[in-house]
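Novice: Sharing a structure here in structure tokens format.
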Amino acid sequence: GAGVSQTPSNKVTEKGKYVELRCDPISGHTALYWYRQSLGQGPEFLIYFQGTGAADDSGLPNDRFFAVRPEGSVSTLKIQRTERGDSAVYLCASSSSSMGTGELFFGEGSRLTVL
Amino acid sequence: AQTVTQSQPEMSVQEAETVTLSCTYDTSENNYYLFWYKQPPSRQMILVIRQEAYKQQNATENRFSVNFQKAAKSFSLKISDSQLGDTAMYFCAFGGSARQLTFGSGTQLTVLP
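Just so you know, the protein sequences line up as chains A and B, in that order.
Sequence positions in the first sequence follow the working numbering and run 1 to 115.
Sequence positions in the second sequence follow the working numbering and run 116 to 228.
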């Protein structure tokens with residue numbers, strides 16, 4: 001597609017369940033980012049991929065969070081044993097620049113609600 | 116670590132008027148980029164304007180311009196001739212050696228008819 005696509009748009013789950021959020025970046029973009037945005041806050045960095053490898057995962061809050069990008073394109077953010085505090089909008093962005101200087105193109109996000 | 120501060124949680128402006136959104140940041144880096152992103156209710160973040168720290172000239176994009184004061188670590192956004200479609204959340208962001216962007220907490224701008 002022409003833009004960054006994220007699925008699902010909305011996800012409601014129960015505490016303790018496993019969740020996967022998918023991001024399909026703009027074709028050809030080598031850099032891919034995951035951010036988490038809580039209500040009324042700015043996006044917080046989670047993880048950054050350059051190609052297939054996680055170049056920086058320092059923003060992942062704990063070991064329940066994991067992300068992969070096996071073929072250097074689509075990425076999946078995985079959350080195990082979800083907690084109510086995980087409720088947020090998860091934003092994915094891609095960029096053609098690996099230097100942190102270029103524009104990030106964002107998807108519309110996946111809103112996760114943990115009951 | 117870099118920090119970005121937006122001290123105005125909400126602002127409003129009359130249609131066709133001018134409004135300025137404030138942003139300050141803290142960094143020890145000398146080469147970096149600053150951004151203003153707009154987030155409408157659709158949730159998709161859209162780049163409004165970008166400033167390279169090594170450029171002294173303030174960036175402009177049509178009705179949008181910035182006032183970049185490197186020594187003061189200030190980066191404000193001016194919107195001229197405000198339009199109803201400008202109503203959105205605006206985020207200031209810092210991009211440096213760490214590759215990812217650091218965002219402020221945002222300013223909700225409402226343009227009143």
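Built from N, CA and C at the ideal position, the CB exists for glycine as well.
Of all the options Ser180/B, Thr142/B, Arg165/B, Ser212/B, which has the alpha carbon lying nearest to the alpha carbon of leucine 104/A?
Specialist: Comparing Cα positions, the closest option is Arg165/B.
Novice: Count the CB pairs spanning the segment 19-27 of chain A and the segment 67-87 of chain A that are closer than 8 Å, and state whether there are at least three.
Specialist: Touching, per the Cβ criterion.
Novice: Identify, in the order they occur along the chain, each residue of the same chain with its Cβ nearer than 6 Å to the Cβ of glycine 72/A, setting aside the five sequence neighbours on each side.
Specialist: Result list for glycine 72/A: Gly51, Thr52, in chain order.
Novice: Give me the chain A residues within the contact set of glycine 219/B, using Cβ-Cβ distance strictly less than 7 Å, ordered along the chain.
Specialist: Listed along chain A, the residues sitting closer than 7 Å to glycine 219/B by beta-carbon distance are Gly42.
Novice: How about the segment 194-207 of chain B and the segment 149-168 of chain B: do they share at least three Cβ pairs that are nearer than 8 Å?
Specialist: yes
Novice: Mapping the DSSP letters down to three states, classify aspartate 201/B as helix, strand or coil.
Specialist: helix
Novice: Less than 8 Å between C-beta atoms, sequence neighbours within five positions excluded: which residues of the same chain meet that for threonine 175/B?
Specialist: Ile164, Val181
Novice: Would you mind listing the beta strand (DSSP E) stretches within the segment 60-99 of chain A that are 3+ residues and don't spill past its ends, in chain order?
Specialist: 65-68, 75-79, 88-95
Novice: Indicate whether at least one CB of chain A lies closer than 9 Å to the CB of glutamine 172/B.
Specialist: no
Novice: Under a three-way DSSP split, which group does glutamate 144/B fall into?
Specialist: Here glutamate 144/B sits in coil by DSSP.
Novice: Give a yes or no on whether the minimum CB-CB distance between arginine 22/A and chain B is below 9 Å.
Specialist: no
Novice: Could you name the residues of the same chain whose beta carbon sits closer than 8 Å to that of threonine 225/B, not counting the 5 residues immediately before and after it, in chain order?
Specialist: For threonine 225/B, same chain residues with a beta-carbon under 8 Å away, outside a window of 5 residues either side, are Glu125, Met126, Ser127, Val128, Thr202 in chain order.
Novice: How far does the beta strand (DSSP E) with cysteine 23/A in it extend, from its first residue to its last?
Specialist: 19-24
Novice: Any beta carbon from chain A within less than 9 Å of alanine 213/B's own beta carbon?
Specialist: yes
Novice: Assign leucine 46/A to buried or exposed, taking buried as 16 or more other Cβ atoms, counted over all protein chains shown, within 10 Å of its Cβ.
Specialist: buried
Novice: For arginine 84/A, count neighbouring Cβ atoms within 10 angstroms of its own Cβ and tell me buried if that reaches 16, exposed if not.
Specialist: exposed
Novice: What does the alpha-carbon distance come out to for the pair glutamate 132/B and phenylalanine 179/B?
Specialist: 13 Å
Novice: Determine the chain A residues that contact phenylalanine 206/B at a beta-carbon separation under 9 Å, and present them in chain order.
Specialist: Gly42, Pro43
Novice: Verify whether the separation of the beta carbon atoms of serine 94/A and histidine 29/A is less than 9 Å.
Specialist: yes
Novice: Write down the C-beta distance between phenylalanine 117/B and phenylalanine 218/B rounded to the nearest angstrom, noting that I regard them as a contact closer than 8 Å.
Specialist: What sits at residue 117/B in the sequence shown is glutamine, not phenylalanine. About 10 Å; that fails the 8 Å criterion.
Novice: Which residues, in chain order, does the segment 156-169 of chain B contribute to contact with chain A at a C-beta distance below 9 Å?
Specialist: Ser157, Arg158, Gln159, Met160, Ile161, Leu162, Arg165, Glu167
Novice: Is leucine 39/A close to chain B? Criterion is C-beta to C-beta, closer than 9 Å.
Specialist: no
Novice: Taking Cβ positions only, does glutamine 123/B come closer than 9 Å to chain A?
Specialist: Judged by the 9 Å Cβ criterion, glutamine 123/B is not in contact with chain A.
Novice: Given a threshold of 16 other Cβ atoms within 10 Å of its Cβ, counted over all protein chains shown, does glycine 40/A qualify as buried or as exposed?
Specialist: exposed
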